[in-house]
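There are 2 protein chains.
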Amino acid sequence: MKTTIKDLGEIELLNRLKRFMRCRQIDDDLAEINTINKNLLINTDLLVEKIHFSEKISNAKDIGWKCITTNISDLICSGSENIISFTVGLVLPPSTHWEWVENLYEGMCEAMDEFGGEIIGGDCSCGETKIISITAIGEMKPPRLHRGSALPGDYIVSTGYHGLSRLGLALLTSEQLPSNVEISRELANRAISAHKRPYPAKKALQALIECKPESMNWRAAGTDSSDGLLEAIRGICQSSNCQAVLSKTSILKDPDWPEDSKWDEWILNGGEDYELILSIPKEWAEALSKKLRSAKIIGFIKEGKPNIFWENLEAINIAQSSLFQHF
Amino acid sequence: MKTTIKDLGEIELLNRLKRFMRCRQIDDDLAEINTINKNLLINTDLLVEKIHFSEKISNAKDIGWKCITTNISDLICSGSENIISFTVGLVLPPSTHWEWVENLYEGMCEAMDEFGGEIIGGDCSCGETKIISITAIGEMKPPRLHRGSALPGDYIVSTGYHGLSRLGLALLTSEQLPSNVEISRELANRAISAHKRPYPAKKALQALIECKPESMNWRAAGTDSSDGLLEAIRGICQSSNCQAVLSKTSILKDPDWPEDSKWDEWILNGGEDYELILSIPKEWAEALSKKLRSAKIIGFIKEGKPNIFWENLEAINIAQSSLFQHF
Chain A
189 MKTTIKDLGE
199 IELLNRLKRF
209 MRCRQIDDDL
219 AEINTINKNL
229 LINTDLLVEK
239 IHFSEKISNA
249 KDIGWKCITT
259 NISDLICSGS
269 ENIISFTVGL
279 VLPPSTHWEW
289 VENLYEGMCE
299 AMDEFGGEII
309 GGDCSCGETK
319 IISITAIGEM
329 KPPRLHRGSA
339 LPGDYIVSTG
349 YHGLSRLGLA
359 LLTSEQLPSN
369 VEISRELANR
379 AISAHKRPYP
389 AKKALQALIE
399 CKPESMNWRA
409 AGTDSSDGLL
419 EAIRGICQSS
429 NCQAVLSKTS
439 ILKDPDWPED
449 SKWDEWILNG
459 GEDYELILSI
469 PKEWAEALSK
479 KLRSAKIIGF
489 IKEGKPNIFW
499 ENLEAINIAQ
509 SSLFQHF
Chain B
189 MKTTIKDLGE
199 IELLNRLKRF
209 MRCRQIDDDL
219 AEINTINKNL
229 LINTDLLVEK
239 IHFSEKISNA
249 KDIGWKCITT
259 NISDLICSGS
269 ENIISFTVGL
279 VLPPSTHWEW
289 VENLYEGMCE
299 AMDEFGGEII
309 GGDCSCGETK
319 IISITAIGEM
329 KPPRLHRGSA
339 LPGDYIVSTG
349 YHGLSRLGLA
359 LLTSEQLPSN
369 VEISRELANR
379 AISAHKRPYP
389 AKKALQALIE
399 CKPESMNWRA
409 AGTDSSDGLL
419 EAIRGICQSS
429 NCQAVLSKTS
439 ILKDPDWPED
449 SKWDEWILNG
459 GEDYELILSI
469 PKEWAEALSK
479 KLRSAKIIGF
489 IKEGKPNIFW
499 ENLEAINIAQ
509 SSLFQHF
């Protein structure tokens with residue numbers, strides 16, 4: 189029989205978790221962060237079982253990877269490349285196997301090996317459903333990205349494909365696809381991987397920093413597309429008090445993505461895609477789309493009450509973004 | 189009918205919560221902390237309904253106060269007086285009334301008005317039971333308190349009464365008292381207040397800092413008694429690899445506390461008391477007990493395998509500390 193965390197008890201559980209923490213303050217109630225000379229960005233994310241993750245489709249390692257990377261994505265889309273540390277609050281039913289907890293932390297550590305940062309502390313409690321509460325801290329450097337920094341005349345850039353994670357979710361849950369077309373095995377694999385192992389746009393942020401024209405001051409609006417491509421653009425419009433005009437033909441699709449307009453909904457509102465959505469001056473946008481193969485100019489920003497239109501000025505229905513409202 | 193958070197929806201809920209946040213970064217995915225030139229202490233605490241709080245005995249304002257102050261206590265007992273900021277992760281059933289959420293945040297703000305700090309961000313999700321995940325950040329200054337810094341020859345100091353919160357819980361839940369004695373109305377009020385509105389030992393930390401003999405370097409072991417007086421001392425012994433010898437007659441009791449040995453258990457293992465338990469050199473301990481009326485020397489530290497004894501060398505049963513194991 190597998191060991192449960194009830195078998196272990198709280199003290200032994202916390203003892204075993206210490207090997208995933210790389211700091212020395214394991215004997216105190218809390219942790220130190222040596223961040224002298226740095227300002228910080230901080231982000232707290234909650235992942236609730238059956239709402240944000242399901243064990244039917246993701247194993248504990250994938251869930252561990254995902255809860256760290258989705259949090260890192262929020263730091264990256266705000267301009268922080270240097271991830272410093274994490275605290276992890278875990279609510280677990282007493283019947284949870286220790287093996288599950290171990291795999292969760294191993295998945296978290298795989299993500300930290302890739303993107304930086306270390307677990308410095310946290311808390312544990314029993315509860316009816318599994319809940320993971322992650323607080324991530326990153327260094328705040330001058331290249332800050334704000335949702336509210338877009339200006340009329342900016343170009344809108346997306347740094348990669350959208351819709352893959354949504355397709356992956358559908359494949360993993362045997363959900364009906366938007367239409368009855370055959371999809372390639374390669375697309376299916378990319379989609380499942382995008383859903384299980386999201387990969388934050390760290391390289392895209394680095395490219396954005398490197399290709400800023402020297403003559404320009406830093407002024408860039410950005411967010412990630414974790415709640416969907418349109419929701420990201422809606423957020424920028426709302427916070428910057430402006431309108432976006434999108435070019436339908438410019439929105440990048442995976443090369444194997446079905447040529448069927450019924451599939452567009454997942455591109456626009458699929459969510460969990462973790463690309464950077466940027467609003468930057470034209471010259472900079474052009475430099476970025478040259479430097480970064482996956483980056484594409486998909487529209488522009490203009491004055492007006494927050495809204496999104498296609499380039500023929502047809503308003504875009506963004507009601508679907510309520511998909512990512514969790515109440 | 190009262191408005192529920194399901195009626196509001198996530199966007200409106202987050203909008204309404206903004207008034208409790210004093211920072212300007214409300215339009216981004218995360219928050220900035222301007223902590224240049226500071227090192228930090230960070231602490232994450234989970235409060236799960238029915239385990240850490242019950243709405244039968246505490247209203248939302250009290251719960252808000254408690255989840256901030258218990259977290260602050262961890263910062264204070266590690267030496268941090270300057271509380272900087274909090275993030276709040278909230279899991280709530282969709283049927284939760286907005287009024288409850290508002291009162292929770294008002295209680296949090298009352299605690300921050302008293303002890304410092306501000307809410308700078310967080311996350312919200314629905315879930316089956318209410319869960320509050322708080323991450324607190326304080327400034328780390330040279331007077332650090334570690335659980336593992338005790339040395340043989342140190343005196344053990346407690347900065348206040350114990351057992352009150354446990355009595356308060358019993359009174360609030362109509363639990364049978366340890367023996368059938370009458371308790372004063374004043375004691376009952378103090379006990380209920382200690383349970384509902386715990387008050388971290390900030391003044392005791394300040395007194396400790398002020399009364400350090402000039403000839404001494406800073407070296408002090410400390411923790412809070414949130415898991416009980418004996419558990420705090422056990423933690424210091426374990427982390428410092430030493431033994432504690434306690435004087436039964438020196439442990440302070442509320443003036444109205446019943447003179448009945450059956451009541452001692454709540455003094456020793458009641459928990460949720462939030463006093464500082466310190467292990468410091470004799471001269472310093474004496475200075476502190478003179479300066480701070482509520483501080484009392486209750487024992488000393490000696491060499492040996494981690495354990496706790498009464499001064500007649502009778503070993504103390506600390507098995508009851510498993511009361512505060514949450515699995």
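Respectively, the protein sequence lines represent chains A and B.
Here the first sequence is numbered in the numbering used here, starting from 189 and rising by one per residue.
Here the second sequence is numbered in the numbering used here, starting from 189 and rising by one per residue.
Glycine included, each C-beta is placed from N, C-alpha and C at the ideal position.
Going by C-alpha distance, which of the options is nearest residue i?
| i | options | result |
| --- | --- | --- |
| L466(A) | T347(A), I193(A), K441(A), T192(A) | T347(A) |
| E453(A) | G416(A), L292(A), V433(A), S427(A) | G416(A) |
| A392(A) | S268(A), S321(A), E220(A) | S268(A) |
| S313(A) | E198(A), K206(A), K479(A) | E198(A) |
| G351(B) | K478(B), S477(B), E460(B) | E460(B) |
| M189(A) | P340(A), V345(A), T284(A), E402(A) | T284(A) |
| L263(B) | P282(B), E290(B), G305(B) | G305(B) |
| S381(A) | P331(A), I245(A), K194(A), K441(A) | I245(A) |
| A324(B) | F274(B), S449(B), P330(B), A299(B) | F274(B) |
| E370(B) | A409(B), E316(B), D448(B), Y343(B) | D448(B) |
| E220(B) | I230(A), N222(A), W445(A) | I230(A) |
Tell me the residue span of the beta strand (DSSP E) that contains residue i.
| i | result |
| --- | --- |
| D516(A) | Absent from the model: residue 516(A). The displayed extent of chain A is 189 to 515, so no value can be given. |
| E327(B) | 319-328 |
| Q431(B) | 431-434 |
| D412(A) | 408-412 |
Per the DSSP calculation, residue i is bridged to which residue(s)?
| i | result |
| --- | --- |
| A503(A) | F497(A) |
| A219(B) | I230(A) |
| A379(A) | According to DSSP, A379(A) bridges with nothing at all. |
| Y343(A) | I468(A), F488(A) |
| I439(B) | For I439(B), which the question treats as bridged, DSSP gives no partner whatsoever. |
| H241(A) | The sequence given here has Phe at residue 241(A), not His. Paired residues: E237(A). |
| H334(B) | A409(B) |
| E189(A) | Reading off the sequence shown, one finds Met at residue 189(A), where the question assumed Glu. Paired residues: none, contrary to the question. |
| I404(A) | The amino acid occupying residue 404(A) in the given sequence is Met; Ile does not appear at that position. DSSP lists no partner for M404(A). |
Using a Cβ cut-off of 8 Å, pull out every chain B residue sitting near residue i, in sequence order please.
| i | result |
| --- | --- |
| K226(A) | T223, I224 |
| L229(A) | L218, A219, E220, I221 |
Would you kindly report the start and end of the unbroken alpha helix (DSSP H) that includes residue i?
| i | result |
| --- | --- |
| K303(A) | A quick correction: the sequence has Phe, not Lys, at residue 303(A). F303(A) -> alpha helix (DSSP H) spans 286-303. |
| I271(B) | Here I271(B) belongs to no alpha helix (DSSP H); instead the beta strand (DSSP E) covers 271-280. |
| R481(A) | Per DSSP, R481(A) belongs to no alpha helix (DSSP H) and is neither H nor E. |
| T361(B) | Neither: T361(B) is in no alpha helix (DSSP H) and is coded neither H nor E. |
| I371(B) | It is not in any alpha helix (DSSP H) - I371(B) carries neither H nor E in the DSSP assignment. |
| C255(A) | 248-264 |
| I424(A) | 417-428 |
| I455(A) | 452-457 |
| A395(B) | 390-398 |
| R385(A) | Looking at the DSSP string, R385(A) is not in any alpha helix (DSSP H), and its letter there is neither H nor E. |
| N225(A) | Element bounds for N225(A): n/a, residue is neither H nor E. |
| R547(B) | An answer regarding residue 547(B) cannot be provided, because it is not within the stretch 189 to 515 covered by chain B. |
Interface residues of chain A around residue i at Cβ under 8 Å?
| i | result |
| --- | --- |
| V279(B) | L234, V236, I319 |
| L263(B) | L218 |
| T257(B) | Those within 8 Å of T257(B) in chain A number zero; the least Cβ separation is about 14 Å. |
Applying a beta-carbon distance threshold of less than 9 Å, which residues of chain A neighbour residue i?
| i | result |
| --- | --- |
| G309(B) | I230, N231, T232 |
| M328(B) | E220, I221, N222 |
List the residues of chain B whose Cβ lies closer than 7 Å to the Cβ of residue i, in chain order.
| i | result |
| --- | --- |
| T323(A) | T232, T275, T323 |
Segment contact, 8 Å Cβ cut-off, at least three pairs: the stretch 328-341 of chain B with the stretch 419-427 of chain B: yes
Contact between the stretch 287-298 of chain B and the stretch 253-263 of chain B (3+ Cβ pairs under 8 Å): yes
Sufficient close CB pairs (3 or more, under 8 Å) joining the stretch 396-412 of chain B to the stretch 360-376 of chain B: no
At least 3 beta-carbon pairs within less than 8 Å: the stretch 432-439 of chain A vs the stretch 481-489 of chain A: yes
Meets three-Cβ-pair contact criterion under 8 Å: the stretch 301-311 of chain A and the stretch 230-242 of chain B: yes
Touch test, the stretch 493-508 of chain B against the stretch 359-366 of chain B, Cβ-Cβ under 8 Å, three pairs minimum: no
Contact the stretch 401-414 of chain B vs the stretch 464-478 of chain B: 3+ CB pairs below 8 Å: yes
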